[in-house]
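Numbering (the numbering used here), first residue to last: 1011 to 1421.
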Ligand code: CTP
């Protein structure tokens, strides 16, 4: 998973996060996490345990922009009630990396160091991203501490299986940074989509022709991934049917099913559609596929003067499933268009929304810089079933997705 899509969100600006850093080799990665949250214009404060300060210094975190950065509990000149300040102001408390020692202190309610005292005085969501030697993680004492913390509501991110710094292999490796980054956003996001089951189709489809060639398009799946992640951050259960290359954009919290060609996407989507509350059809599905396919490589000498390929139509996933929906199922779709301006885009959007029986449709340019396939931003014209229409300025796909989710909730 990359964190590219949500790294450009503006919807978390000015939210406050507290980052606790423990003494684990992985603590150098906490600086990277800090930067990712700061890029969202979030306010991040931090605490480094004594052990963490053997690996990294408060100056590093201060220089990157964390404010304030706490160290020991009784630092001369420190605020008298510094250990209570975080609890009063932060929206989420993330301990990353969380060492076995700090997990044990948090589990038994210790308060003899700044990080434990701050966590004890904190009543909001607590996220723990452990990193340690696999034998330390497997130890019954650590497992019991983690069970207690989970039972009290802490969200665990990782650890994952892999190589750890000491050279051993096992479960104990710090979770991928984007997973931790997004877990914090999920804790801060409104859970206004909780209880909804959301289907998202995303990415291109790849229609096979011979043993080495296929018919496809340049979609990367970013817009669909932004919608899937937005819906997941806002509490819904998301199932994503992913065309080639797009499943890697999604966090573990989103259930994925990878497919290759349009018919496979159609079958996977129709299987789950009856259990869904919302369908977001964002995939760039190939409308046609080669009528004849072969597992063998087509050799050049067979057609020295060139040749033609016959294509046959693929099922229209959106139109078919929208026609079969229950009245309470909501449908959002995209339309990729090449038109001269936004007004023309809106005209096409309105026509396509009505024709495909969609509640909310966003149309985007495919042949303008900063919009369409493979970009991080998008310019869209949006129209809904009640005749409301808007033209949005160019913004990140994360923000487009966020606002489409908000619009959908109001329908
Ligand atoms: N779509 C789909 N299945 C298809 C084609 C499109 O589910 N076989 C969905 C897309 O995911 C998108 C919407 O339909 O949400 C519109 O896709 P678009 O390519 O813009 O429209 P088309 O129906 O292909 O129409 P046209 O080629 O005439 O523009």
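Glycine residues also receive a C-beta, built at the ideal position from the N, C-alpha and C atoms.
>> So, under 8 Å CB-CB, residue 1128 and residue 1020 are touching, yes? Tell me the CB distance rounded to an integer number of Å.
In response: About 28 Å; that fails the 8 Å criterion.
>> Quick check on the burial criterion: 16 or more other C-beta atoms within 10 angstroms. Buried or exposed for residue 1155?
In response: Buried, because 16 or more other Cβ atoms sit within 10 Å of the Cβ of residue 1155.
> Do residue 1369 and the ligand CTP come close, with the Cβ less than 7 Å from some heavy atom?
Replying inline: Residue side-chain check: residue 1369 keeps its Cβ at 7 Å or more from all non-hydrogen atoms of the ligand CTP.
>> Using the Cβ count rule (16 or more neighbours within 10 Å means buried), how would you classify residue 1394?
In response: Buried: at least 16 other Cβ atoms inside 10 Å.
>> At a threshold of 7 Å, does residue 1312 count as lining the ligand CTP (C-beta to nearest heavy atom)?
In response: False, no ligand heavy atom lies under 7 Å from that Cβ.
>> Which runs of the alpha helix (DSSP H) at least 4 residues long sit entirely within the segment 1309-1375? Give them in chain order.
In response: Runs found: 1327-1333 and 1352-1365.
>> So, with DSSP's three-state summary, where would you put residue 1290?
In response: For residue 1290, the secondary structure class from DSSP, reduced to helix, strand or coil, is strand.
> Whose C-beta lies closer than 6 Å to the C-beta of residue 1276 among residues of the same chain, with five residues either side of it excluded?
Replying inline: If we look at residue 1276 and ignore the five residues flanking it on each side, its Cβ neighbours are 1325 and 1327.
> Thinking just about the alpha-carbon of each residue, which of 1106, 1085 and 1096 is nearest to the one in residue 1035?
Replying inline: If we check each option's Cα against that of residue 1035, 1106 comes out closest.
>> Taking 8 Å as the cut-off, does the segment 1246-1261 touch the segment 1202-1219 (at least 3 CB pairs, one atom from each stretch)?
In response: As far as the Cβ criterion goes, the segment 1202-1219 touches the segment 1246-1261, which means the pair count is three or higher.
> Taking the C-alpha atoms as reference points, what is the distance between residue 1367 and residue 1329?
Replying inline: Straight across, the Cα-Cα distance linking residue 1367 with residue 1329 is about 7 Å.
>> If you reduce the DSSP assignment to three classes, tell me which class residue 1398 lands in.
In response: Look at residue 1398 here: in three-state DSSP terms it is coil, with no helix or strand label.
> Is the CB-CB distance between residue 1331 and residue 1289 below 8 Å?
Replying inline: Yes, they are a contact pair.
> Going by other Cβ atoms of all chains shown within 10 Å of its Cβ, with 16 needed for buried, is residue 1077 buried or exposed?
Replying inline: Here residue 1077 is exposed, its C-beta having fewer than 16 other C-beta atoms within 10 Å.
> Alpha carbon to alpha carbon, how far is residue 1413 from residue 1334?
Replying inline: Here the alpha carbon of residue 1413 sits roughly 26 Å from the alpha carbon of residue 1334.
> For the putative contact between residue 1054 and residue 1069, defined by C-beta atoms under 8 Å, what is the C-beta separation to the nearest angstrom?
Replying inline: That pair is no contact at about 16 Å.
>> Is it buried or exposed, residue 1400, if we count other Cβ atoms within 10 angstroms and call 16 or more buried?
In response: Exposure of residue 1400 is indicated by the presence of fewer than 16 other C-beta atoms within 10 angstroms of its C-beta.
> Which word fits residue 1132, buried or exposed, when buried means at least 16 other C-beta atoms lie within 10 angstroms of its C-beta?
Replying inline: Residue 1132 is buried by the Cβ-count criterion.
> Around the Cβ of residue 1271, are there at least 16 other Cβ atoms within 10 angstroms (buried) or fewer (exposed)?
Replying inline: Counting of Cβ neighbours within 10 angstroms places residue 1271 among the buried residues, the total reaching 16 or more.
> Would you say residue 1288 touches the ligand CTP, meaning its beta carbon is less than 7 Å from a heavy atom?
Replying inline: Distance from the C-beta of residue 1288 to the nearest heavy atom of the ligand CTP is not below 7 Å.
> How many whole angstroms separate the CB atoms of residue 1198 and residue 1097, which I take to be in contact at a CB cut-off of 8 Å?
Replying inline: Incorrect: roughly 16 Å between the Cβ atoms, too far for contact.
>> In whole angstroms, give me the CA-to-CA distance for residue 1032 and residue 1118.
In response: C-alpha separation (whole angstroms): 17 Å.
> Can the beta-carbon of residue 1426 be found less than 8 Å from the beta-carbon of residue 1190?
Replying inline: With the chain covering 1011 to 1421 only, the question about residue 1426 has no answer from this structure.
> Got a sec? Which residues, its chain only, sit under 6 Å from residue 1319 by beta carbon, not counting five neighbours each side?
Replying inline: Cβ within range, chain order: 1300.
> Does DSSP put residue 1271 in a helix, a strand or coil?
Replying inline: Residue 1271 falls in the coil class under three-state DSSP.
> Got a sec, what are the start and stop residues for the beta strand (DSSP E) residue 1206 sits in?
Replying inline: Segment: none, residue 1206 is in no beta strand (DSSP E) and carries neither H nor E.
> Which partner residues of residue 1405 appear in the DSSP bridge assignment?
Replying inline: Paired residue(s): 1388.
>> On the DSSP bridge list, what partners appear for residue 1227?
In response: Beta-bridge pairing links residue 1227 to no other residue.
> Helix or strand or just coil, what does DSSP make of residue 1266?
Replying inline: Strand at residue 1266.
> Under the criterion of a Cβ to heavy atom distance below 7 Å, does residue 1191 qualify as lining the ligand CTP?
Replying inline: Residue 1191 Cβ: outside cutoff for every heavy atom of the ligand CTP.
>> Do residue 1016 and residue 1293 count as a contact pair if the criterion is CB distance below 8 Å?
In response: It is not a contact, given that the beta carbons lie outside the stated cut-off.
> Over what stretch of residues does the beta strand (DSSP E) that includes residue 1249 continue unbroken?
Replying inline: 1247-1252 is the span of the beta strand (DSSP E), which, as asked, contains residue 1249.
>> For the segment 1252-1263 against the segment 1226-1237, do three or more pairs of beta-carbon atoms, one drawn from each stretch, fall closer than 8 Å, so that the two count as touching?
In response: Touching, yes, given that three or more Cβ pairs across the two stretches are closer than 8 Å.
> When burial is assigned at 16 or more other CB atoms within 10 Å of the CB, is residue 1059 buried or exposed?
Replying inline: Residue 1059 comes out buried.
> Which runs of the alpha helix (DSSP H), 4 residues or longer, sit entirely within the segment 1107-1158?
Replying inline: The qualifying runs are 1110-1117, 1124-1130 and 1144-1148.
> Does the distance from the CB of residue 1339 to the CB of residue 1287 come in under 8 Å?
Replying inline: Going by C-beta atoms, residue 1339 is nearer than 8 Å to residue 1287.
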